[in-house]
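Number of protein chains: 2
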Amino acid sequence: MSEVYAVRRTRLRERCNASGSTAALVSRPANVRYLSGAAPGNAVLLLGRTEDVLVCAQPPDDRVPHNRPDEALRLHVMTGIGGDPAVEAAALAVAQGVDALAVEEHHLTVTRHRAIREAAPPLRLTGVAGAVEQLRVVKDEEEISCLRIGAEIADQALGELLESILVGRTERHLALELERRLVDHGADGPAFPTSVATGPNAGRPGHRPTDRRVEEGDFLSVCLGATYRGYRCEIGRTFVIGTAPADWQIELYDLVFSAQRAGRESLAPGAACRDVDRAARQVLDSAGYAEALPVLTGHGVGLEIDEDPHLTPAAMGKLDACVPVTVEPGVHLPGRGGVRIDDTLVVRPEADGGPELLTITTKELLAL
Amino acid sequence: MSEVYAVRRTRLRERCNASGSTAALVSRPANVRYLSGAAPGNAVLLLGRTEDVLVCAQPPDDRVPHNRPDEALRLHVMTGIGGDPAVEAAALAVAQGVDALAVEEHHLTVTRHRAIREAAPPLRLTGVAGAVEQLRVVKDEEEISCLRIGAEIADQALGELLESILVGRTERHLALELERRLVDHGADGPAFPTSVATGPNAGRPGHRPTDRRVEEGDFLSVCLGATYRGYRCEIGRTFVIGTAPADWQIELYDLVFSAQRAGRESLAPGAACRDVDRAARQVLDSAGYAEALPVLTGHGVGLEIDEDPHLTPAAMGKLDACVPVTVEPGVHLPGRGGVRIDDTLVVRPEADGGPELLTITTKELLAL
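From first to last, the protein sequence lines stand for chains A and B. Residue numbers for the first sequence follow our numbering, so the first one is 531 and each next one is one higher. Residue numbers for the second sequence follow our numbering, so the first one is 531 and each next one is one higher.
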């Protein structure tokens, strides 16, 4: 496993060297974990000239086997109180004879950046831009396997909830119960705050659960995900409460389902991100819901729940094989509610069977 | 209520004017909420020359009555996708004739800071440093009332847990149950990830719950808090599982209790933060636990769970009346476990009865 991290660091080093920096300082926690295996206590990674060093404020917790720093890295645990590992790492870079250090300007605050500059004045600070985020886009099979297990856990948690009585329970309680079930089934924790939306709240993207209770006739939309060994997946489904959905509910559901299917079916290596977005969006658009549309119809997932690529009308770039993304169009009608359907899939070539669906809970409209 | 926010903004404006800036851009979410009443969707606050504007990417959610933007503020909801409210606010500042804009350099990333500079080139960007954080240190009675209710909720959740059977249950499940109870009793949510630590984990600061089960003879340390109307409190207690604690457990508990009491009793307006820290720390130090000591023995709480002031050996500054702080010394013995005792208190003058204890769960050593 250790080799994986060394290979990733080599790829980053090549990018840095190509842009004229002899060393890099990685501070964004997900990036540190990607390159080091773990990011204990505000750790930063120095990709040095002579040696790579993981600098952390506290020693790593060695009780979690799959969250330990790569043993090939030198571990530098700070002494003293309140110091910034990034500043300490810059001093180590100077000691290694580094002259130009590439830093994550999209993560470091202005104040931290200045502290690094002032603590290590011979260093010239350059930017590493989103180099690590770019490396993270295409996943290896081990990473995809973590996402797959996370998706199974989310499917299980959701499936159990559907077997219980829902009417009369609040959005908050249903969300908490889902999160408990995620942990029951082996998740590190929820991948993001679980969203449960009932009645007029249903279909609102990013809805935070309230004390509203589930009622007969409601739409109920649920969005949850598990974190498994650091990897985060996402599933969203919408149900109807009661014996029979109303006509407008069936129509709206079928429409969002068609949009989501169009998005899923357009996932392929080489497909433009904006074309995937358009495939889903135009189904809703042509039915007259242009106003009600969300800003994105999907996004990458991995060590963070919202990664590159983004499926939006203005997105640049194309999909590659082995990129996990969500496809999650939805419509919310103010005062009435709405529908969201959200899957996590891995882009795969046609020869391998096309997009791999990780979240397999049914997308039939269930009346609960 | 609206006046409270206007008064706070006036105080910040006075500080900015004193340092030569005609306007300020507040981006740290807790600071935006403090000055505006709410921080919807990445909102930033422009404290302008002619008008104050809350700039947000999405319209505020008006369903939560105590989390709405101050109506005295102009609300500017962005159109389009993916824009940065901070960049938009800088353009509004230019339109108001602002020449020098003070920004939160300790919150803005280097990349965002550059985007603001490039989008509004006539603006000279200066720093507002921690001005809003400083304003937030001393709370008004309405803020303290929110903390008091949050503390009551945490006490209730903890009290109910103590009445249930604990042996055989995992740290994770106990933590989830506590969080469910916090919400049951009216919390917005947990104030921070609930920590439940058993046996050798007990007493570790910031311990993340594992699958270890509670066993007879364990120390069990629990740290939790409620968020109520945005305000976050904290309580930590340590218990013994079984009929009778061992001698070493009683000794260690009494020692930490004495240290915590010494810290509490030294809270007073005008007391130096480092003296409060020393009062608690020297009890543990003189018993030979210098090595096992945490970096801080307490910190401020409010809209964030970790605010100024910090009770550490190197802390500058003194306490004021109406400053809520935690007092939370602890000792962790690797392989054996340990004790933490953590209260949230409000600094009050002697004439008002001295420090006000918000978290009132007993600190007797309970055998459960």
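Cβ atoms here follow ideal geometry from the backbone N, Cα and C, with glycine treated the same way.
Beta-bridge partners of residue 586 of chain B, as assigned by DSSP:
Residue numbering aside, residue 586 of chain B sits at position 56 when the second sequence is read from its first letter. DSSP output for residue 586 of chain B lists B:607 as bridge partner(s).
In whole angstroms, what separates the C-alpha of residue 621 of chain B from that of residue 550 of chain B?
Position 91 of the second sequence, counted from the start, is the residue given in the question as residue 621 of chain B. Position 20 of the second sequence, counted from the start, is the residue given in the question as residue 550 of chain B. Cα to Cα, residue 621 of chain B sits roughly 20 Å from residue 550 of chain B.
Taking the beta carbon of residue 748 of chain B as the centre, do at least 16 other beta carbons fall within 10 Å, making it buried, or is it exposed?
Position 218 of the second sequence holds residue 748 of chain B. By the neighbour-count rule (16 or more Cβ atoms within 10 Å), residue 748 of chain B is buried.
Three or more C-beta pairs under 8 Å: does that hold for the segment 555 to 572 of chain A against the segment 623 to 635 of chain A?
yes
Check the Cβ of residue 636 of chain B against every Cβ in chain A and list those closer than 9 Å, keeping chain order.
Taking the first residue of the second sequence as 1, we reach residue 636 of chain B at position 106. Those within 9 Å of residue 636 of chain B in chain A are 639, 640, 641 and 642.
Does residue 713 of chain A have its Cβ less than 8 Å from a Cβ in chain B?
For this step, residue 713 of chain A is matched to residue 183 along the first sequence. Answer yes: the Cβ-Cβ gap between residue 713 of chain A and chain B drops below 8 Å somewhere.
When the Cα atoms are used, what is the spatial distance from residue 534 of chain B to residue 799 of chain B?
If you number the second sequence from 1, residue 534 of chain B lands on position 4. If you number the second sequence from 1, residue 799 of chain B lands on position 269. Near 24 Å, if we compare the C-alpha coordinates of residue 799 of chain B and residue 534 of chain B.
Excluding sequence positions up to five away, which residues of its chain have a Cβ less than 7 Å from the Cβ of residue 715 of chain B?
As a working mapping, residue 715 of chain B is identified with position 185 in the second sequence. These residues qualify, in order along the chain: 683, 686 and 687.
Is DSSP giving residue 620 of chain B helix, strand or coil here?
Reading the second sequence from its first residue, position 90 is the one you call residue 620 of chain B. Helix at residue 620 of chain B.
Three-state class that DSSP yields for residue 898 of chain A in the structure shown
Reading the first sequence from its first residue, position 368 is the one you call residue 898 of chain A. Reduced to three states, the DSSP call for residue 898 of chain A is coil.
Chain B contact for residue 710 of chain A (CB, 8 Å cutoff)
Taking the first sequence and counting its residues from 1, the one referred to as residue 710 of chain A is at position 180. Answer yes: the Cβ-Cβ gap between residue 710 of chain A and chain B drops below 8 Å somewhere.
What residues in the segment 688 to 702 of chain A have a beta carbon less than 8 Å from any beta carbon of chain B?
702
Residue 706 of chain B: contacting residues in chain A (beta-carbon distance under 8 Å)
Locating residue 706 of chain B in the second sequence gives position 176, counting from the first residue. Per Cβ cutoff of 8 Å: 706, 709, 710 and 713.
Counting only the same chain and skipping the five closest in sequence on each side, list residues whose C-beta sits under 8 Å from that of residue 843 of chain A.
Translated into the one-based positions of the first sequence, residue 843 of chain A becomes position 313. The residues are 804, 807, 808 and 811.
Cutting at 6 Å between CB atoms, please list the residues of its own chain near residue 892 of chain A, excluding the five before and the five after it.
Here residue 892 of chain A corresponds to residue number 362 of the first sequence, with the count starting at 1. So no residue of the chain qualifies.
Quick one: what's got a C-beta closer than 7 Å to residue 887 of chain A's C-beta in the same chain, skipping five residues either side?
Residue mapping note: residue 887 of chain A aligns to position 357 of the first sequence, counting from 1. 873 and 875.
Would you mind stating whether residue 739 of chain A and residue 725 of chain A have Cβ atoms separated by less than 8 Å?
One-based indexing of the first sequence puts residue 739 of chain A at position 209. One-based indexing of the first sequence puts residue 725 of chain A at position 195. Cβ distance < 8 Å, so residue 739 of chain A and residue 725 of chain A count as in contact.
Contact check, residue 677 of chain A vs residue 854 of chain A under 8 Å by CB: the rounded distance?
Working through the first sequence from its first residue, we reach residue 677 of chain A at position 147. Working through the first sequence from its first residue, we reach residue 854 of chain A at position 324. Indeed they touch by this definition, with Cβ atoms about 6 Å apart.
Once the 5 residues before and after residue 705 of chain A are set aside, which same chain residues still bring their CB inside 6 Å of it?
What you label residue 705 of chain A is simply residue 175 of the first sequence in a count that begins at 1. Excluding sequence neighbours, residue 705 of chain A sits near 724, 726 and 739.
Smallest Cα separation from residue 630 of chain B: which of B:655, B:814 and B:561?
Residue numbering aside, residue 630 of chain B sits at position 100 when the second sequence is read from its first letter. Nearest option by C-alpha distance: B:655.
Classify residue 741 of chain B as buried or exposed, calling it buried when 16 or more other Cβ atoms lie within 10 Å of its own Cβ.
Translated into positions along the second sequence, residue 741 of chain B becomes position 211. Exposed.
Please give the ranges of any alpha helix (DSSP H) in the segment 792 to 829 of chain A, keeping only runs that are unbroken, at least 4 residues long and fully inside the region.
803 to 816
Which value, in whole angstroms, describes the spacing of the CA atoms of residue 539 of chain B and residue 768 of chain B?
In the second sequence, the residue the question calls residue 539 of chain B occupies position 9. In the second sequence, the residue the question calls residue 768 of chain B occupies position 238. Each residue's Cα considered, the two are about 42 Å apart.
Give every residue of the same chain whose Cβ lies closer than 8 Å to the Cβ of residue 699 of chain B, excluding the five residues on either side of it in the sequence, and list them in chain order.
For the purposes of this step, residue 699 of chain B is taken as the residue at position 169 of the second sequence. Excluding residues within five positions, the ones whose Cβ falls inside 8 Å are 743 and 744.
C-beta contact flag for residue 859 of chain A and residue 793 of chain A at 8 Å:
Within the first sequence, numbered from 1, the residue matching residue 859 of chain A stands at position 329. Within the first sequence, numbered from 1, the residue matching residue 793 of chain A stands at position 263. For residue 859 of chain A and residue 793 of chain A, yes; Cβs fall inside 8 Å.
With distances taken between CB atoms, is the gap from residue 626 of chain A to residue 657 of chain A smaller than 8 Å?
Taking the first sequence and counting its residues from 1, the one referred to as residue 626 of chain A is at position 96. Taking the first sequence and counting its residues from 1, the one referred to as residue 657 of chain A is at position 127. No.
Helix, strand or coil, according to DSSP, for residue 784 of chain B in the structure here?
Within the second sequence, the letter at position 254 stands for residue 784 of chain B. Of the three classes helix, strand and coil, the one that applies to residue 784 of chain B here is helix, per DSSP.
Given that a residue counts as buried once 16 or more other Cβ atoms are within 10 Å of its Cβ, and exposed if not, what is residue 846 of chain A?
Within the first sequence, the letter at position 316 stands for residue 846 of chain A. By the 10 Å Cβ count, residue 846 of chain A comes out exposed.
Contact defined as beta carbons within less than 8 Å: I believe residue 753 of chain B pairs with residue 870 of chain B. What is the distance between those atoms, to the nearest angstrom?
Taking the second sequence and counting its residues from 1, one reaches residue 753 of chain B at position 223. Taking the second sequence and counting its residues from 1, one reaches residue 870 of chain B at position 340. Right, the Cβ-Cβ distance comes to about 7 Å (below 8 Å), so this counts as a contact.
Would you call the CB atoms of residue 608 of chain B and residue 623 of chain B closer than 8 Å?
Here residue 608 of chain B refers to the residue found at position 78 of the second sequence. Here residue 623 of chain B refers to the residue found at position 93 of the second sequence. For residue 608 of chain B and residue 623 of chain B, no; Cβs fall outside 8 Å.
How many angstroms separate the CA atom of residue 840 of chain B from the CA atom of residue 667 of chain B?
Taking the second sequence and counting its residues from 1, one reaches residue 840 of chain B at position 310. Taking the second sequence and counting its residues from 1, one reaches residue 667 of chain B at position 137. Roughly 11 Å between the two C-alpha positions.
Measuring only the C-alpha atoms, how far is residue 605 of chain A from residue 816 of chain A?
Here residue 605 of chain A is taken as the residue at index 75 of the first sequence, counted from 1. Here residue 816 of chain A is taken as the residue at index 286 of the first sequence, counted from 1. So the alpha carbons of these two residues sit roughly 57 Å apart.
Coil, strand or helix - residue 680 of chain A by DSSP:
Walking along the first sequence from the start, residue 680 of chain A turns up at place 150. Of the three classes helix, strand and coil, the one that applies to residue 680 of chain A here is helix, per DSSP.
Here's the rule I'm using: 16 or more other beta-carbon atoms within 10 Å means buried, otherwise exposed. How should residue 779 of chain B be labelled?
For the purposes of this step, residue 779 of chain B is taken as residue 249 along the second sequence, with counting starting at 1. Flag for residue 779 of chain B reads buried.
Measure the Cβ-Cβ separation of residue 566 of chain B and residue 603 of chain B and say whether it is below 8 Å.
Against the second sequence, residue 566 of chain B aligns to sequence position 36. Against the second sequence, residue 603 of chain B aligns to sequence position 73. Yes, the Cβ-Cβ distance between residue 566 of chain B and residue 603 of chain B is below 8 Å.
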